[in-house]
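Structure first, commentary second.
In structure tokens, the structure reads:
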């Protein structure tokens, strides 16, 4: 089925339909079939423009189709595309991995695995034995493979350890995994922040050693871990007492980055509103996210030191500044963990998945925004809560708070409204933004999570700002059209559930996940800046303006929601997590092997 363009969906007359299809013919549309019963649509640019988001949707679809055109359907194709993109031979076992992926009806595109190589590349600059020893001697949480058997080592029962062990175990049931040790980060927060100069040095060593030996010089047999008995690793020094993580974040950014130029963290003498930008986000398209990777990169956004709890006072702090192998579910752009699919994505817990019911069809949904959750994000105290991201978002989508800000020069305790002339939202230009928000917003905290702890779900220091809202299970949230997703202590565990639903996720985050290379902003979800200043413009685009003079783009929202749901059922399945982890472990075992430079798969040559 050809996915019609945004404007074709809104054709009002036969003349416009004829014009649109004339342009389609002129542009020679390419049909991209990626399985027997579905197609990926091209949304071309028609040469005219109603809204900046139209441009972003068109461009994103074109890029998505370009990437999908590189799908590998044979082992020979997959190996060739691997060598072209990675500059090495595929790892031993690549043929078995490809067969495993094909048997599970996977969409195999080399780009979709970029995360693995970004995570592992610095380790090619470290002697292989040092990696093996660091992994084997890590305490207290490790998943190990020995002779095909998967086991875990942990200090006490931890559900994440159980889930990740089970994930690896399901692969080992049918596939031959090499022996390896996987140190696991079981905290919400990321733990490795290696200075940029150290990573740059390791990357230079890695690049110098990257090669593709002649097939006759390549071995397909891993060495194993026989030399680890009695090995003693270099103790890792963990920073645990210092709550100010921003200086460590700054040091992990490139020397010429804006965040490197701002080594000092939150200045509590400045109100939160002073950290809000007065201009379009850098790199945006007329204020809207145009590069999702850049929008999630903390190194280009020094203002986030006063707008995100991860940089103010995380719930837990245990940070190393030396590169060691450590696996986790998410990380900042500057962190150095090796990413796995988050344990909660492997779980069937309806708290995160919403169950197998993914919502009503679009036309039957409530035409509103809904958000429920706890005030996670770190230790929000009496003097720091205004700087936290979830507090800011709940205030910015509260009509009463926004109306108060409109009467106060656009300034509130947690935010500053964008100038009405910036996004040209009609309600803002008429000083009716608060009243308009009340028409479509249903958002609230279920628990304020005070620090220090207070009895009950409310906090004495925020009683004047927030009421406690009644909880709403995810399966009931799917009855609404629009689902904002905001970081908590780290990434939001509900994101996969949102993508699998028939509703539209609106995503803001500073965290990276395993699936980032296979999800496309404006195709599968709506991206939002971490300041949330673009939220009002996004919602006016979809809902229409306050006085209805500007038309809604409900069918565009429906299109993105349906594309996202369909795509999630192709590339975010549990089978896709297994396929990703299987390949990750082959690559990880190779980088841990003394013979790594000559290890590979070359049977296709």
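In this note's numbering, the protein residues as written are 12 to 616. Built from N, CA and C at the ideal position, the CB exists for glycine as well.
No residue range can be given for residue 423, since it is assigned to no beta strand (DSSP E) and is classified by DSSP as neither H nor E. In the DSSP assignment, residue 389 falls outside any alpha helix (DSSP H), carrying neither H nor E. By the beta-carbon neighbour count (other beta carbons within 10 angstroms, threshold 16), residue 249 is exposed. Beyond the five residues adjoining it in sequence on each side, residue 98 comes within less than 6 Å, by CB distance, of 221 in the same chain, given in chain order. Boundaries of the beta strand (DSSP E) around residue 456: 452–458. For residue 478, the number of other beta carbons within 10 angstroms of its own is below 16, and it is reported as exposed. DSSP links residue 519 through a beta bridge to 497.
DSSP lists 455 as the beta-bridge partner residues of residue 383. In this structure, 426 is the residue among 588, 196, 175 and 426 with its C-alpha nearest to the C-alpha of residue 289. Between residue 410 and residue 453, the gap from beta carbon to beta carbon reaches 8 Å or more.
In this structure residue 325 is not in contact with residue 260, their Cβ atoms being roughly 11 Å apart against a cut-off of 8 Å. A straight line joining the alpha-carbon of residue 74 with that of residue 574 spans about 15 Å. For residue 342, DSSP records a beta bridge to 523. For residue 143, the enclosing alpha helix (DSSP H) starts and ends at 139–147. In the DSSP assignment, residue 163 is bridged to 154. The three-state secondary structure of residue 301, taken from DSSP, is coil.
Bounds of the alpha helix (DSSP H) holding residue 174 are 170–183. By the beta-carbon neighbour count (other beta carbons within 10 angstroms, threshold 16), residue 187 is exposed. Ranked by Cα distance from residue 211, the first of 132, 147, 193 and 173 is 132. Given a length threshold of 4 residues, each whole run of the alpha helix (DSSP H) inside the stretch 244–329 is given here in chain order: 257–262 and 303–306. The beta carbon of residue 309 sits closer than 7 Å to the beta carbons of 260, 270, 315, 343, 344, 345 and 521 from its chain, once the five residues preceding and following it are set aside; these are given in chain order. Taking one beta carbon from each stretch, the stretch 334–341 and the stretch 534–549 have fewer than 3 pairs nearer than 8 Å; the two do not touch. Shown here for residue 111: same chain residues with a beta carbon closer than 7 Å to its own, the five before and five after excluded, namely 186, 590 and 593 in chain order. Straight through space, the alpha carbons of residue 364 and residue 285 are spaced by roughly 37 Å.
Closest option to residue 129, judged by alpha-carbon separation, among 277, 297, 528 and 534: 528. Around the C-beta of residue 387, 16 or more other C-beta atoms lie within 10 Å, and the residue is accordingly described as buried.
The alpha-carbon of residue 198 is positioned some 9 Å away from that of residue 340. A Cβ-Cβ contact shorter than 8 Å links residue 400 with residue 318. The Cβ atoms of residue 505 and residue 496 lie closer than 8 Å to each other. The stretch 66–110 contains, as complete alpha helix (DSSP H) runs of 4+ residues, the segments 86–97 (chain order). Within its own chain, the residues whose Cβ lies closer than 6 Å to the Cβ of residue 96, once the five positions on either side in sequence are excluded, are 121, listed in chain order. Closest by C-alpha distance to residue 442, out of 420, 226, 78 and 458, is 420.
Residue burial annotation: residue 64 is buried, with at least 16 other C-beta atoms found within 10 angstroms of its C-beta. Around residue 276, the same chain offers 255, 257, 258, 316 and 322 as residues with beta carbons nearer than 7 Å, after the five sequence neighbours per side are excluded. Distances from the alpha-carbon of residue 373 to those of 490, 312 and 534 put 490 closest. When the five nearest sequence neighbours on each side are left out, the beta carbons in the same chain lying within less than 6 Å of the beta carbon of residue 378 are those of 492, in order along the chain.
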